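Residue numbers (this note's numbering), protein chains in the order written: chain A, 498 to 1135; chain B, 23 to 188. The structure appears right after this line, and notes come after that.
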Amino acid sequence: MANIESDSFLRGAYAGYILDIDLSNRAVEKKKLNPDFARLHIGGKGFVARILYDELSADVDPVSPENLLLFANGPLTGIAPASGRMTVGFRSPLTKTHGYNSVGGEFGLELKSAGYDIIIVRGRSSTPAYITLYDEKVEIRDAGFLWGMDTHETIKAVRKDFDRSAQVACIGPAGEYLVYHAGICINPDRYAAQGGSGAVMGSKNLKAIAVVGTQEIRIKDVQTWAHHYRKILETYLNDPTTQTGRIIGSNFLAEHHNKKNALVVKNLQYGSTDISECNGEVLNERYVKRNRSGCSLCPIACQRSSYIGKGKHAGIHNNGPEYSSVAHLGWRIGIKNLDNIIYNCTLGDRLGLDLENTPCVIGFAMECYQRKIISKEDVDGYDLVWGNEKAVTELLEKIAYRKGIGDVFANGILGAIDHFGPESEPYAMHVKGNDLPPNEPRSGKTYNMRYAIAPRGADHLQAAGVSRSAGSFVANIDDLPPQESMKWFKRLEQASMLVNLLNVCNWAYNSYSSTFEILEEKHDHLREILNAGTGWNLTMDDLREAADRNIILERAINAKYGFTRNDDYFPKRMYEEPCLSEIDDRMNNPYTDFDERLDWYYVYTGVDVETGVPLPEKLHGLGLHHVAEDMEKVKGVK
Amino acid sequence: MAFTVHKTLTIRSEKCTGCRTCEAACSSSHYGVLDFGKSRIRMIRNDDAGLDVVTVCVQCDEKPCIEACPVDAITANDDGTVAISAECTRCGRCKRACPYSGPQPDPKGDSYIVCDLCGGTPACVEWCPFEVLEFSDGYNSEEDAKLRRLVEEIETNNKKALSMKA
């Protein structure tokens, strides 16, 4: 059991309190956050990993009352630029692995202003409920009137019922129906998704959490804090890559990946296609009504608000879509009509679906249909040819309400493979049951190892590096021998983990940096802000060690659940076929030295090369003694 | 004749992205903590309309807040700002009278709070990454040139329209 509470109290940067809510017997407990615990795991992803490791048993059913749903802030949430992030933790119904989401918006800041670092939700309410926090005042209210509403309606209704200025996290119908790739909607159009956090929330009969915070966030040394805060703002303004994020938003990646033959066209059959009708510039030109808008304290503000002015879907408004939604709802399933993409994006947002996993399952079915593995009869009579817009729109709704074939797709890609039979498996583009993100793995052999090794399945955020628009950084590390290149990979992974521990934006501090030097400069300012806020005196090495500790802890959680080296592999297509282009003769070669890369990753991380289970001596070295003892047992079984 | 000239805050809301850096700057420079409720400048977001608007006292000439105060707690300063004294009963009439929603209730205190221009160098203006806020005597060569171009354009268009009619 983690010693997460104590009598001593943390002042500065952290809010200092944990809220423990048991929905089964409607008990609410407020605990003090243990400073030693905070020092060891820093925040966000680290808090989530440690609490889940200590509290969940190895065989916990993800949609049972025994699973936990955690909302965790980091020390820098609300006190650094671009820090409107919050981490959600749970065991994933989709992949059965460790589950975590990072989400933007203003919920994290509001939660910290209300005086909490972590909310732990356990048990299951007997009737639909929603939780309201107004500083110390915590209530569990009846949500009968909210049940069945879509996410946007829910947010409005909660604000009417509770407080006009509340920040709301809620689920839509997809979460209520326990769809394995349902997300948690935070304010309209921001999502904590991947892995089915929405289904976990739905399984607890919890429709929403609403927060109003009016308390101050203490900072020990305001002058030092202000100095480094403004230094980071300056770095943003002087970095051209950050400017790209400001000017075009995440959709600049469409053209960029197309050039690299790295799009995920038609379920990863091709790496590039004609996107002249659906790239970032077209989106900005034709649909973006308002220039930009951002999460709390973010001076980059990459979010765009798009609006469909004419045609069948006229009047549809969406705070997005971001690149990955466009990629998955677009060329991954053969659609290039932005009207339809934006409409489906809004529909999915309202239904409470994760728009990464949901279209991917449809894409998988489309490839099975193309290869005649399944027929019309298998999928409720839909003609699942690439780009069938009507079918996709209808399927989104069927999945959210688990109707017909939607009930199968709602169990994620693993459920769909079970249903379609083993001959469909080679076309399922996933790792550990999580679908491959919209950057083709074969286009960057080192960088995209992140998909294979990430604890929650194919995850592009495991090691989000220096943006490729900056130059040839990633191409360079691919030229190095595996042993050297994986050393770089570890540094990128560390950098990503670090921003997730502090809970600041991965894009702002990693991806939107022109060079690795700028990235490190920003990280150093973050360290100064952390020290100024808490009064600690941490060095960069301390922070890197904390990142290593939590990277290996996440692996240990998966090892406890029974995941081994065998689960860290790509689908066969990545090793056997080159990635072709749909329009010209470019191609990316398949992975040839995957095993060697994986070996080196394990060596650098401190993981047993044979089994993929963390090594006890490494865990002892990082201060995780009880985890080390558990891993001895896990290792013995294998 | 004696008269005073003072600089004022100008807000260019079309540039605002709603990042709330101004609020962070305001509360930290006044109170040494981050407390968005205690900020004298506020960002209001409308998700549906996709709008972010900043409200703050802009040192107007009319000062309807002074007139609206039933207990005469508000007085004018030389630099264009107003001061709210301890007499304040938090009735909120000043805020309702102000077209810019300048005065804000202090959530923990007994009175209303309002922008004091940080004694001449407003922190929000210094921190704003998008130049939404400007502290000047009202003359900005760049913006002014833009405006003049616009006026000229309209005038030439009008002339053209008139000559076509003729």
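Every residue gets a Cβ at the ideal spot worked out from N, C-alpha and C, and that includes glycine. For clarity, every value in this text was computed on a predicted model and none was experimentally measured.
- Cβ-Cβ separation between R715 of chain A and G509 of chain A: approximately 5 angstroms, consistent with a contact (criterion under 8 angstroms).
- P796 of chain A and T32 of chain B do not touch by the CB rule: their CB atoms are close to 20 angstroms apart, not below 8 angstroms.
- P129, K130: these are the residues of the segment 126-140 of chain B whose beta carbon lies less than 9 angstroms from some beta carbon of chain A, given in chain order.
- The continuous stretches of beta strand (DSSP E) do not include H1117 of chain A, which lies in the alpha helix (DSSP H) extending over residues 1113-1118.
- Between P572 of chain A and G1030 of chain A, the CB-CB gap stays under 8 angstroms.
- Around the beta carbon of G102 of chain B, a 10 Å sphere encloses 16 or more other beta carbons of the protein chains shown; the residue is thus reported as buried.
- Judged by DSSP secondary structure, S982 of chain A falls within the alpha helix (DSSP H) whose first and last residues are 979-999.
- Taking CB atoms only, G612 of chain A has no neighbour in chain B less than 8 angstroms away.
- Taking every protein chain shown into account, the CB of A71 of chain B has fewer than 16 other CB atoms within 10 angstroms, so this residue is exposed.
- Annotated as proximal: G692 of chain A and G596 of chain A, with beta-carbon spacing under 8 angstroms.
- Flagged as an interface residue toward chain A: F58 of chain B, by a C-beta distance shorter than 8 angstroms.
- Between the alpha carbons of S662 of chain A and E607 of chain A lies a distance of about 10 angstroms.
- Under a 10 Å Cβ-count criterion, R171 of chain B is classified as exposed, with fewer than 16 other Cβ atoms of the shown protein chains found around its own Cβ.
- The alpha carbon of A689 of chain A has as its nearest neighbour, out of A:F642, A:E1042, A:V560, A:G605, the alpha carbon of A:G605.
- Contact note: S793 of chain A reaches chain B through C41, R42, using a C-beta cutoff of 8 angstroms and chain order.
- Judged by DSSP in its simplified three-state form, Y1066 of chain A adopts coil rather than helix or strand.
- Residues of the segment 660-686 of chain A with a Cβ closer than 7 angstroms to any Cβ of chain B, in chain order: N684, P685.
- Shown here, K887 of chain A sits in a helix according to DSSP, grouped into three states.
- The beta carbon of P144 of chain B does not come within 8 angstroms of any beta carbon belonging to chain A, so the residue lies off that interface.
- C91 of chain B and G812 of chain A have their C-alpha atoms some 44 angstroms from each other.
- Within the same chain, Y677 come within 7 angstroms of N908 of chain A by CB-CB distance, once the 5 residues on both sides are set aside.
- Counting of Cβ neighbours within 10 angstroms places E174 of chain B among the exposed residues, the total staying below 16.
- Contact of A897 of chain A with chain B by beta-carbon distance below 9 angstroms is absent, the smallest such distance being about 22 angstroms.
- When only Cα atoms are considered, D975 of chain A and I950 of chain A end up about 17 angstroms apart.
- For L848 of chain A, the enclosing alpha helix (DSSP H) covers residues 835-848.
- With 16 or more other Cβ atoms from the protein chains shown falling within 10 Å of its own Cβ, Q800 of chain A counts as buried.
- Its chain contains S1011 as the residues whose beta carbon lies nearer than 7 angstroms to that of P737 of chain A, once the 5 sequence neighbours on both sides are disregarded; these appear in chain order.
- Not a single C-beta of chain A is nearer than 8 angstroms to the C-beta of D100 of chain B.
- In this model, N931 of chain A and D1065 of chain A are separated by some 12 angstroms (Cα to Cα).
- For V76 of chain B, not one C-beta of chain A is nearer than 8 angstroms to its own C-beta.
- DSSP places D1045 of chain A inside the alpha helix (DSSP H), whose first and last residues are 1037-1058.
- Secondary structure of M646 of chain A (DSSP, three-state): coil.
- Listed along chain B is no residue with a C-beta nearer than 8 angstroms to that of R656 of chain A; the closest approach is about 10 angstroms.
- Under the three-state reduction of DSSP, S940 of chain A is assigned to helix.
- Proximity of S790 of chain A to chain B, defined by a Cβ-Cβ separation below 8 angstroms, is satisfied.
- By the Cβ rule, the segment 545-562 of chain A counts as touching the segment 694-708 of chain A, because three or more pairs are nearer than 8 angstroms.
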